[in-house]
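Everything on this sheet refers to the single structure shown next.
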Amino acid sequence: IETEWKTPGGKRKLKKYIKRNLYNKEKMSEAEAMAVKYVWSLPVDKKWQLYKFWLDLFHEKKQSEILEMQRKFRELYEELNELKSLEDAYLCKEADIIGITTTGAAKYKHIIEILNPMIVIVEEAAELLESHVVTSLAHNTQHVILIGDHQQLRPSPTVHLLSVKYHLNVSLFERMVKNGMECLQLKMQHRMRPDVARLLVPHIYKDLENHESVSAYEDIKGLAKNIFFLSHNNLEFQEGDSKSKVNQYEATFIVKLCKYLLFQNYEPSQITILTTYSGQLFEIKRLAKGILDGVRITVVDNFQGEENDIVLVSFVRSNDEGEIGFLKVSNRICVALSRAKKGLYCIGNFKALAENSAVWKNITNALAETDSIGDSLELKCQNHMNTSSFVANENDFDCVKDGGCNLYCEYRLECGHACPRKCHPYDQEHSEVTCYKSCGKLCPEGHPCQKKCFEGCGQCTVPILTKIEKCGHEINVACYLKDSNLILCTENCVKVLPCGHEINIACHVAMKHIICTETFTKILSCGHEISIECRLKDTFIQCSTNCERTLQCGHKINVPCYARDEEINCDEICIRKLPCGHEISTECYSDVKEIDCLKMCEKLLPCGHDCANLCCEECTDKCDKLCNIHSSICDHYVKDKCFRRNDAEYLLSKCAVTCNERLSCLHTCKGTCSSCHQGRLHTECNQNCRRILICGHECESVCSKSCPPCKKLCENWCDHARCLKKCSESCDICIEPCQWICDHKKCSRLCGELCDRTACEEDCPKMLECGHACLGFCGEPCPKLCKICDPFNEAFIKTGSNTNEKFILLEDCNHTFPSSYFNPPVIEETIFQHTQMKRCPTCKTLIRKNFHLGNIVKTCIRNVANIKFNIKLQEEKVKNVCLDVKSRAVKLLENATFKFSRVFYKQLLECVDEVSKNRTAQEILRMKHFMEMLSKFENSIGLNYKMFSRTTYGSIGNKLKFYLINAMFWISTIFLDDYLTASEEKMYELKWELFRVQLGLEFLAFFVDQVRGKLLIPENKIENWNNLKSQIMTYKAFREPELSLCAAEWNVLTDGARSIDPVKHFYTHIMNHSTFRWRKCIAGHLYFAEHDEENVCTECEEG
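Numbered by full-length UniProt numbering, the letters in the sequence shown go through residues 1 to 1103 in order.
What follows is the structure, given as structure tokens:
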């Protein structure tokens, strides 16, 4: 009996089958998985879907565990850092002296405070920003010692404007020196040889003494002078888009000079190349790659405080305009010229530098006195002291390629030959020189060596004629083998084999090693003749001659003579009929029962479509043909695979028809039927909001988001100034005297306060430009209207028959209106109700200043300021809200009813812990509302859900149960994914859907009570029960009309014993900058209407 599993098609098809199913993303829904009672009874495809569902659950569990581990890791990491800081402080306390950079002192300020040093010594103080020195001090510091050189580089603020405008590049050290504070100067220098120090005195330093050790420095090898400035006039160029400069001439020359110095037996670490521009730095590094390995190349600014034996400097600047940039700054000159100990070699256009800088002029004059400046540099050979070379460009170095001169070395090598190279100061022992001349030494036989001098002579290989004693043949062998017994005779000779054949072969080959390769003809038992080698005459040989045979199938075939009939397969291609009825071209010997038919199946599936599988495969029960399927629930057509035709829930999830319902924001919903859950819970509206904000501007955010603060500039103004703040910020109150003054009345208050006077009803005494009387009020801006000059103006038509009507000029838009247009009682009533600012009736411009409407406009502006203050106050209270959310979420997590609610509360706790990540007040309040919704829902369903999850309701109630399971599944995704971003309308719809589920659970609980009490629903009330279910199990929005119908059917079904709680489900709106929900109570208090109705003032509890 075979115990192994067998799969049709073998391991290859099994592998493809498993791989295909692993990549398939189709999985069971939670509702389907909960309905599974016995896994092994499921079809194979359903098992795969269940496996995928379990796999996702496993991933979610592990993901939550990883997030929890990450949170714990962060906490432990912070705790570890704190302990390390304490450990560092403890270790530092044991030390007498602690060294640290100013950056480190700022970073570890807490450790500095713990150590509280009394004495602080600051090195390179002249290069430090003053703030860096201050941050290095502690409150107990009594003595600060600054060490530095203010003649060298200054500090460099990140923003150059701070240096130019506010002098932040002046260090505390330099400021104290220049202000005349007592300081001590070190006058003895131990670095530079006197020739180099002479460049700095008195041009930069007034007094500088040389220590005796610097006078004992040896001269620089290979050069005539220890200090030299090579002057040229080759122009610079600007590197690409940057402002940096490059001088190609200087870069190539300085690389060749550095290479020459390395030939003088100097180590790379003894030489430094400096340049004043980063562009030149990159160019020198490019040219020096692979040539000057180990030589430090850097800019002058980065080499302050360092030194080296030999320093090469490229000053770069050379142009027709004579611009030398920051090379005129004495600090940078000082650093560049004071880095060398023994040798300093500079290259630049020193004529241009001297013409544009007094310091450079003095330096070049000092150099000229000692002939240390010129247009060519003198090289001096170390081996031939009287030989010199002059170099003015890179090509001149070709004459001294090895660092010496043009003369040959002529040093006698150990082999006796003269050194073939030209003069070279390095490798004086000639340990690295290779002699390529012929060797010429003689072997004992007098033969000259054929190899080069640097190669070992070895054994002599000259051929000589030698006689072999064994056979008497004479052959040529190498000289060193002439007396050897190991010589093999390679002369060919004829030998007779045991078989009688003769063979021509080398003399030294023994007979036992020779195989006869002669051929002869042999007649086989089958009668065929065959040519074989002599050595195979006694072995059995199969006849491989092809001969024609007639097989049992009647076909003739050419096969080897030795083949047996039962071993021959007929390869003739013929038409064979398979068991399925299809014909196929195949080999004659093949068994049709074992052949897979690869033609398409011609059977029809139950749906009427052709089977899409191959004939050899079983017909699928799932038709994959794409077709338009009518959804019986949403009444739309969905393009999907045919086998989905009867899966109503799946079709609902894939329906892509645009929703197009009118939302509460009056926009049309752009979501699809599936994403909006058939209108039960719409997607977010992503159209432009366009609501009017409290400041009067339109909201530019997305419609679904709570209106954010206005980002435009404030447009409020008065006679004294305009507000310069953003619209979302509170305006500063003007404290200038009010300018509303006329001959009859005067306001005695400040401009930013409510006026203590009313509008003057007298006529304006002023005259218009046309010479006629003004039609405005006394003390107010004059309207640009004249009844005499322009009697048909539109403003006069609005007054009708009232010829004594006065006019008001709106200064914000310059439109003019009769005074009756602005009846104060009507204006006040409008403002109190809607807290909106008054607008121009014609152009809708906001009225921000007007004497006639003075206190009304000011009241509007004051209301807006109070609203901004209330919103800001709410944002400051977010921390308290966070603490409340956190404490409640911890309690709710312990008593959570649903699995998804436990995950939700955990996410909520993590999110609250991350409030420091700039969570907005609206996000925090939205989390609070979501938590309240879920907790109220869990409290309302109580024991109904526990009974619901483990009860079977039969055919009458199971449909409702599965509907509620599906509803809870997609509701849970809203809680887990949208608790930070859900819009107000989405939260309102979500509350109604939760209420629908709550009612459904209550109805099922009643059904169970009936079954337990063995009280069946009377036949005359079956229709009421069905109507009740149909109102709950709808795929449309559930609102007050559906609730009323449910209540009526419920009353009939329970004979009035039970009733639906008629509590209205108001949505709590989140405070924002839109004017839509801001109200003003009778007492004048401003408050935000959180609910759609039944709102009261939070201060006086009046409407």
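We put the CB at the ideal spot given by N, CA and C, even for glycine.
Three-state secondary structure assigned by DSSP to R191 = coil
request  = Would you check if the segment 336 to 355 and the segment 267 to 283 touch, i.e. whether three or more CB-CB distances between them fall below 8 Å?
outcome  = yes
query = Roughly how many whole angstroms lie between the Cα atoms of R317 and I324?
reply = 6 Å
message = Once DSSP output is grouped into helix, strand and coil, what is the label at G527?
response = coil
request  = Specify the secondary structure class of V343 as computed by DSSP and reduced to three states.
outcome  = Per the sequence shown, the amino acid found at residue 343 is Gly instead of Val. Strand.
message = Am I right that Q382 and Q264 are in contact with their C-beta atoms under 8 Å? What's the rounded C-beta distance?
response = 7 Å
request  = May I ask you to report which of helix, strand or coil DSSP gives G104?
outcome  = helix
ask   = Are N1024 and L1053 closer than 8 Å when you measure CB to CB?
value = yes
key: Three-state secondary structure (DSSP) of G581   = coil
query = Grouping DSSP H, G and I as helix and E and B as strand, with all else coil, what is M927?
reply = Helix, per DSSP.
task = Could you give the DSSP three-state label for I464: helix, strand or coil?
result = strand
message = Within 8 Å, do at least three Cβ pairs link the segment 80 to 88 to the segment 638 to 658?
response = no
message = Using 8 Å for Cβ pairs, my map puts T141 next to P117. What's the rounded Cβ distance?
response = 6 Å
query = Looking only at its own chain, which residues have a Cβ that is under 6 Å from the Cβ of C574, when we skip the five neighbours before and after it?
reply = Within the same chain, and ignoring the five residues on either side of C574 in sequence, the residues whose Cβ sits closer than 6 Å to its Cβ are C588.
message = Using C-beta distances below 7 Å, list every residue in its chain close to M968, excluding the 5 sequence neighbours before and after it, in chain order.
response = V997
inquiry  = So, does the segment 920 to 928 touch the segment 970 to 981, judging by three or more C-beta pairs under 8 Å?
reply    = These segments touch.
inquiry  = Assuming M933 and L1001 are in contact, meaning their beta carbons sit under 8 Å apart, how far apart are those beta carbons, in whole angstroms?
reply    = Contact between M933 and L1001 fails: their C-beta atoms lie close to 16 Å from each other, not under 8 Å.
query = Within 10 angstroms of its Cβ, does R12 collect 16 or more other Cβ (buried), or is it exposed?
reply = exposed
ask   = So does the segment 128 to 136 actually touch the segment 91 to 109, counting three or more Cβ pairs closer than 8 Å?
value = yes
query = Taking just the CA atoms, how far does A354 sit from T364?
reply = 7 Å
task = Have a look at D647, F898, T620 and flag the residue whose alpha-carbon is nearest the alpha-carbon of S632.
result = When only C-alpha atoms are compared, the closest one is D647.
message = So for M34, helix, strand or coil by DSSP?
response = M34: helix per DSSP, three-state reduction.
message = Here's the rule: buried if 16 or more other CB atoms are within 10 angstroms of the residue's CB, otherwise exposed. What is E567?
response = exposed
Whole-Å CB distance - C534 paired with H501, under 8 Å assumed = 6 Å
ask   = From N349 to S215, what does the alpha carbon distance come to, in whole angstroms?
value = 30 Å
request  = Could you please give the first and the last residue of the uninterrupted beta strand (DSSP E) stretch that includes D640?
outcome  = 637 to 641
request  = Just mark W40 as buried or exposed, buried being the case when its beta carbon has 16 or more other beta carbons within 10 Å.
outcome  = exposed
query = Going by alpha carbons, who is nearest to K872 out of P737, P708, C882?
reply = P708
task = Could you check the C-alpha separation between L115 and Q304 for me, to the nearest Å?
result = 30 Å
ask   = Where do the ends of the alpha helix (DSSP H) carrying S1030 lie?
value = 1019 to 1032
ask   = Should I530 and K522 be called a contact, given that it needs their Cβ atoms to be closer than 8 Å?
value = yes
message = Report the start-end ranges of each alpha helix (DSSP H) in the segment 868 to 908 that is 4 residues or longer and not cut off at the edges.
response = 878 to 894
task = State whether the segment 759 to 774 contacts the segment 723 to 739, with contact taken as three or more CB pairs (one from each stretch) at a distance under 8 Å.
result = no
ask   = Considering I121, what are the terminal residues of the beta strand (DSSP E) in which it resides?
value = I121 -> beta strand (DSSP E) spans 119 to 122.
ask   = What span of residues does the beta strand (DSSP E) with A612 cover, start to end?
value = Counting along the chain, A612 falls outside any beta strand (DSSP E), and DSSP gives it neither H nor E.
Nearest to W280 (by Cα), restricted to the options I291, I271, V299 = Looking at the sequence provided, one finds Gln at residue 280 rather than Trp. Closest by alpha carbon: V299.
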